[in-house]
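So the protein sequences, as listed, match chains S, G and Z.
Basically our numbering = 1-based index in the first sequence + 119.
Basically our numbering = 1-based index in the second sequence + 505.
Basically our numbering = 1-based index in the third sequence + 2.
Since the structure comes first, as structure tokens, the remarks are kept for the end.
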Amino acid sequence: MFKQWLSISVVLLACAAPAMAQDTYNPRKYAGETINVALAKQPWSDFITPLIPQFEQLTGIKVRLEVLPEDQNRQKLAVAFASGRGDIDVFGSQRHQEGAKYYAAGWYEPLKPMIDDRTLTAPDFDFADFAPQAVNDATVGGKLIGMPLYSELQVLAYRKDLLQKAGLSVPETLDQLEAAAKKLTDKQQNQYGVCMRGKGAATTTIYSGILHSMGGHWVDAKGNPDFTSPAALKAFEYYGRMARDYGPPGAANLHWLQCQSQMAAGHAAFWTDSNIFMATLLDPSKSAVADKIGFAMLPAGPGGRKPAGGGWYLSIYSKSKHKPAAWTFIQWAVSKENALKAQLAAIPTARISAWSSEEFRKSDKSPELTRATLESLKLKDTPSWGPPFVAVGEIRDVLGAVVVAAIEGGDIKSAAAKADEQIQAIRKKTEN
Amino acid sequence: MRRAERRAGWWFIGPAALVLVLMLVFPLGYTAYLSFFEWFAAGGPPRFAGVANYLQLAGDARFINALVRTVLYTVLAVGAEVILGIALALLFERPFVGRGYARTLFLLPMVATPVAIALVWLLMFDPATGVLNYLLTLLRLPKSLWVNDSLLAIPSLVLVDVWQWTPLVMLIVLGGLTALPREPFEAARIDGASRWQSFRYLTLPMLRPYIIVAALFRGIDALKTFDSIYVITRGGPGFASETLNLYIYASAFDYLHMGYSSAMLVVFFVLILALSAALIAGRRRAG
Amino acid sequence: MSTAAQRRRRNAVLLPLAVVLVLAAYLFPFYWMVLASLKTQIQNFAFPPLFLFTPTLDNYRSVFVNNPFVLYLGNSLLIGVGSTLLGLALGLPAAYGIARFRKGGVALGFLIARIAPGISYLVPWFIIFSELHLVGSYTALILSHLTVALPLVVWIMIGFFEDVPDELEDAAHIDGAGYFQTFLMVALPMVKPGIATAGILSFIQSWNTFMYSVVLSDSDTRTLPVAVFGFLSYGGFDWGSLTAAATIITLPVMLLALLIQRHIVGGLAMGSVKG
């Protein structure tokens with residue numbers, strides 16, 4: 120009797136098993152579908168590209184990946200979304216760039232419902248493992264619009280040997296930084312104190328840290344731009360001086376990649392930019408000064424220490440026809456396993472477990488950079504790379520022109536006043 | 506003309522005319538129509554706005570600056586091309602060994618893919634390691650920032666344009682030179698006129714229609730230059746080399762202001778038509 | 003005061019010399035392009051710039067290995083040939099019609115169309131093609147390139163058709179040939195050089211087109227000019243690969259141009275080169 124009961128139970132259980140399996144996560148549920156992934160070229164895209172065949176094998180989902188330079192990718196996405204084409208499923212985006220615009224246009228698929236859905240999300244996904252700051256930055260209007268790829272913020276890279284030779288200590292304030300840069304500049308010898316981005320809109324990313332460290336803000340209490348404030352003007356002047364007097368020639372052409380090259384070739388003593396670009400400096404195959412680079416937090420100004428930050432996210436297009444498959448890809452890409460791999464590949468990920476893991480601690484080739492990043496993450500009220508407007512692209516162009524004017528030694532006050540006007544005009548057209 | 510002939514004519518022209526209307530006339534009309542709407546493509550559907558876009562243009566400093574820069578670029582480029590083109594045509598007027606081959610080689614800058622050749626100029630313009638600065642140092646001149654300097658950006662771009670299109674002017678003027686009648690020059694020589702006098706009072710006036718045609722074609726294309734500027738400076742540093750075409754492109758495809766960019770296009774089109782009309786009228790006067 | 007003979011001898015030497023100098027200055031960018039494509043990354047950043055060095059073909063290899071360059075080449079070819087053939091198919095009868103039956107209005111229409119800036123078409127095209135889900139398709143690209151080819155063909159061929167003697171056509175009519183037969187049998191054979199010129203010039207224009215392709219193509223239908231522009235990420239300037247790609251792109255059209263160089267002069271005088 121008992122045996123009969125047992126066998127019946129076994130049969131019942133066997134029948135129930137597939138039904139139960141429906142209630143749990145199955146990575147192969149969407150096998151056979153194809154998703155289109157659009158990314159901007161950056162360290163993380165370089166990291167994930169060779170791993171994609173693994174994902175395809177694991178899930179049976181085919182991935183069509185296109186990696187473009189950042190500007191082109193942004194334009195391609197804007198144009199594709201505006202035309203209502205539904206054939207982009209996963210894309211990389213930045214909150215401080217297109218976040219507000221895409222959110223206002225309804226192009227992001229909110230991710231929280233999918234995370235909470237046990238049939239769609241792997242049980243070991245562990246959402247709580249993501250750094251709160253990164254998650255916060257990825258949340259617009261209370262909705263999570265993407266999974267963070269980095270813990271990205273502004274740091275200062277410097278040449279330990281040059282500072283030592285000149286008897287300088289690591290600058291703690293922006294004034295000290297300027298003095299040190301001045302001392303270490305010898306243009307005849309192709310030696311520059313600092314490398315600053317100079318390429319129009321790109322400058323505003325770095326300008327943010329300086330603006331806020333000088334006590335300035337992206338917007339005043341009423342939410343309006345105020346680039347004629349004393350702090351903002353001081354920040355423009357500082358930026359202009361540093362680039363013009365202590366930086367390489369042709370400043371207007373410098374983006375992060377050129378500054379990275381200058382630094383890696385040994386021509387610059389200081390460079391401030393995002394931490395995600397710094398690992399290359401320590402790679403002996405790409406850097407002539409790999410063993411001489413040190414890292415510190417962005418020096419403080421009258422307004423305190425305010426390094427800018429804000430990262431990249433993997434998002435799903437709201438009109439995608441393969442949302443579950445897209446989500447399968449995203450959670451795989453930022454899984455604990457892949458985040459650890461990325462962290463070991465010198466990418467500052469957004470998962471706490473990756474940072475605190477044994478393997479990372481043991482193999483960390485850049486403990487100074489790690490320390491600078493983690494210390495900066497502890498700071499309060501750090502600003503975003505970009506201003507909180509919908510038409511950020513256009514406004515960054517306008518603002519970038521002011522920085523360029525500062526670099527060329529023009530009339531900053533009138534340029535800033537004009538920029539304020541132009542920005543308000545743009546906001547009227549694009550925000551309601 | 507007989508009716509049968511007229512009907513036959515339409516059969517021949519029909520298909521091409523259809524393409525013309527569908528792909529060109531209709532879109533132009535649509536652009537003009539869109540210029541009266543406010544449409545931020547990331548915001549919502551188009552909203553009728555009357556002449557609001559045009560009024561805004563009048564007060565848009567970035568637009569006005571772009572307009573001025575476009576005219577400046579065109580005047581500089583076409584001016585240089587005409588002068589150099591005439592000089593080169595004179596050089597090629599008399600036969601010499603290898604003239605045919607030389608003239609052929611002059612074609613190459615005109616047909617080379619503008620994007621590709623612009624990249625080469627970008628390499629040559631590099632302030633630190635570019636070969637143009639190297640040549641400057643050989644001549645004991647200081648290195649230049651070329652396209653990385655706000656003031657030099659447009660002149661540097663004009664240099665690229667002049668390099669690429671002077672051969673066109675040269676060829677058109679050369680065609681005119683070879684078509685000139687001999688007698689007036691014979692008569693002038695007999696009368697004791699100097700080479701310079703005969704050039705100034707005979708050649709130039711007779712060449713006027715050809716020069717104007719060359720200036721017309723180059724002028725229209727110079728106003729519309731896009732590829733080389735986009736690739737070399739993207740309008741930078743800041744906005745220092747942003748011509749109207751570049752601003753319109755950014756407005757439409759980077760910022761998604763569809764209505765506003767359409768209004769700019771209408772103004773741009775009118776500008777080009779005005780230039781063409783002026784030059785055509787000038788040609789008619791020159792006979 | 004030099005005699006006429008002395009002046010002539012001096013000119014015989016100075017003139018070619020001047021021409022050679024001007025030519026050298028003119029062709030220098032091409033020379034530099036090829037040179038840079040044969041240098042390594044480090045050599046390309048050398049200052050003073052290197053004129054003598056050991057060349058390498060690595061850049062050409064990397065252009066094809068690291069990019070679907072063959073795809074882009076194929077796309078440019080497909081779109082170029084497609085738009086040219088269509089342009090000839092539509093433009094030859096049209097030019098004949100304008101020359102024979104004096105429909106000047108259409109010719110004027112083409113002229114005005116050519117004057118308008120390319121973007122004025124791009125925005126409406128983009129909107130319409132989006133609705134039809136054609137953005138990124140070969141159809142959209144060939145159609146947009148056709149709008150460059152068609153006016154070109156028409157403007158070049160009008161002159162050629164006008165040169166066909168009336169008597170020949172009248173003779174054909176008397177023999178009982180219809181309008182289309184006359185066009186096909188009498189006029190077309192006589193304008194073969196024009197057809198070659200117009201066809202090759204159209205192909206060159208399509209090959210060189212950047213703006214239309216950058217907006218209307220996607221990763222599968224990208225053409226060469228767009229691809230080479232993509233090499234320019236921020237300026238991670240891999241000059242070697244960039245100039246190698248540039249060389250590969252410009253070489254075919256330059257060779258084609260040399261083929262029909264005699265006729266280009268005439269065609270150009272009619273302002274057929276697009277900006």
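Ideal placement from N, C-alpha and C gives every residue a C-beta, glycine not left out.
Here the structure is a predicted model, which means the values were calculated and not measured.
- When secondary structure is reduced to three states using DSSP, D392 (chain S) falls in the strand class.
- In terms of beta-carbon proximity, G590 (chain G) stays away from the interface with chain Z, with every pair separated by 8 Å or more.
- Close to chain Z, meaning a Cβ-Cβ distance shorter than 9 Å, are the following residues of the segment 161-192 of chain S: R183, E185, L187, P188, E189, D190 and Q191.
- For W431 (chain S), the uninterrupted beta strand (DSSP E) run begins and ends at W431 to I435, by DSSP.
- Take L650 (chain G), set aside five residues on each side of it, and the residues of its chain with a beta-carbon closer than 8 Å to its own are P632 and L657, in chain order.
- The segment 436-468 of chain S is shown to contain whole alpha helix (DSSP H) runs of 4 or more residues at 442-452 and 455-463, in chain order.
- Taking C-beta separations shorter than 7 Å and ignoring five residues to either side along the sequence, the partners of V228 (chain Z) in its chain run F212, S215, V216 and S219, following chain order.
- Taking a Cβ-Cβ cut-off of 7 Å, the neighbours of P50 (chain Z) in chain G comprise Y639, given in sequence order.
- P550 (chain G) is outside the set of residues whose beta carbon lies under 8 Å from a beta carbon in chain S.
- Three or more beta-carbon pairs drawn from the segment 31-43 of chain Z and the segment 239-249 of chain Z are found closer than 8 Å, and the two stretches are therefore classed as touching.
- Contacts with chain Z at 8 Å (Cβ-Cβ) do not include S482 (chain S).
- For L373 (chain S) and Y715 (chain G), the gap between their C-alpha atoms comes out near 45 Å.
- Membership of R183 (chain S) in any alpha helix (DSSP H) is not indicated; the residue belongs instead to the beta strand (DSSP E) covering K181 to L187.
- DSSP places T292 (chain S) in no alpha helix (DSSP H); its state is neither H nor E.
- For T225 (chain Z) against I81 (chain Z), the beta-carbon gap comes to about 6 Å, under 8 Å, which counts as contact.
- In the same chain as D732 (chain G), and ignoring 5 residues on each side of it, the C-beta atoms closer than 8 Å to its own belong to P619, V620 and A623, in chain order.
- Contacts between V523 (chain S) and chain G, judged by CB atoms closer than 9 Å, involve S655, G741, P742, G743, F744 and A745 in chain order.
- At least one CB of chain Z lies nearer than 8 Å to the CB of S202 (chain S).
- Rounded to whole angstroms, the separation of the alpha carbons of A513 (chain G) and A179 (chain Z) is 13 Å.
- In the structure shown, F414 (chain S) adopts extended strand secondary structure according to DSSP, grouped into three states.
- For S212 (chain S), the uninterrupted beta strand (DSSP E) segment begins and ends at V209 to Q213.
- Membership of R278 (chain S) in the beta strand (DSSP E) is indicated by the continuous run Q273 to R278.
- In the displayed model, A510 (chain S) falls within coil according to three-state DSSP, outside both helix and strand.
- In the three-state reduction of the DSSP assignment, P344 (chain S) falls in the strand class, which pools E and B.
- Under a criterion of Cβ atoms nearer than 9 Å, the residues of chain Z adjacent to G514 (chain G) are, in order, G99, I100, R102, F103, R104, K105 and Y181.
- Here the alpha carbon of V67 (chain Z) sits roughly 25 Å from the alpha carbon of M256 (chain Z).
- Listed along chain G are A522, L525, V526, L529 and V530, each with a C-beta nearer than 9 Å to that of G111 (chain Z).
- In the DSSP assignment, E543 (chain G) forms a beta bridge with G:R552.
- At least one CB atom of chain G sits nearer than 8 Å to the CB of W34 (chain Z).
- At a cut-off of 8 Å between beta carbons, F553 (chain G) makes no contact with chain S.
- Cβ contact annotation for A174 (chain Z) (same chain, cutoff 6 Å, sequence separation greater than five): T184 and V188, in chain order.
- Taken in chain order, no unbroken stretch of beta strand (DSSP E) lies wholly in the segment 180-267 of chain Z with a span of 3 residues or more.
- No Cβ of chain Z is located within less than 8 Å of the beta carbon of P660 (chain G).
- Taking the CA atoms as reference points, A7 (chain Z) sits about 14 Å from L16 (chain Z).
- For Y326 (chain S), no beta strand (DSSP E) encloses it; the enclosing alpha helix (DSSP H) starts and ends at T322 to S332.
- Taking 8 Å as the CB threshold, A768 (chain G) stays off the interface with chain S.
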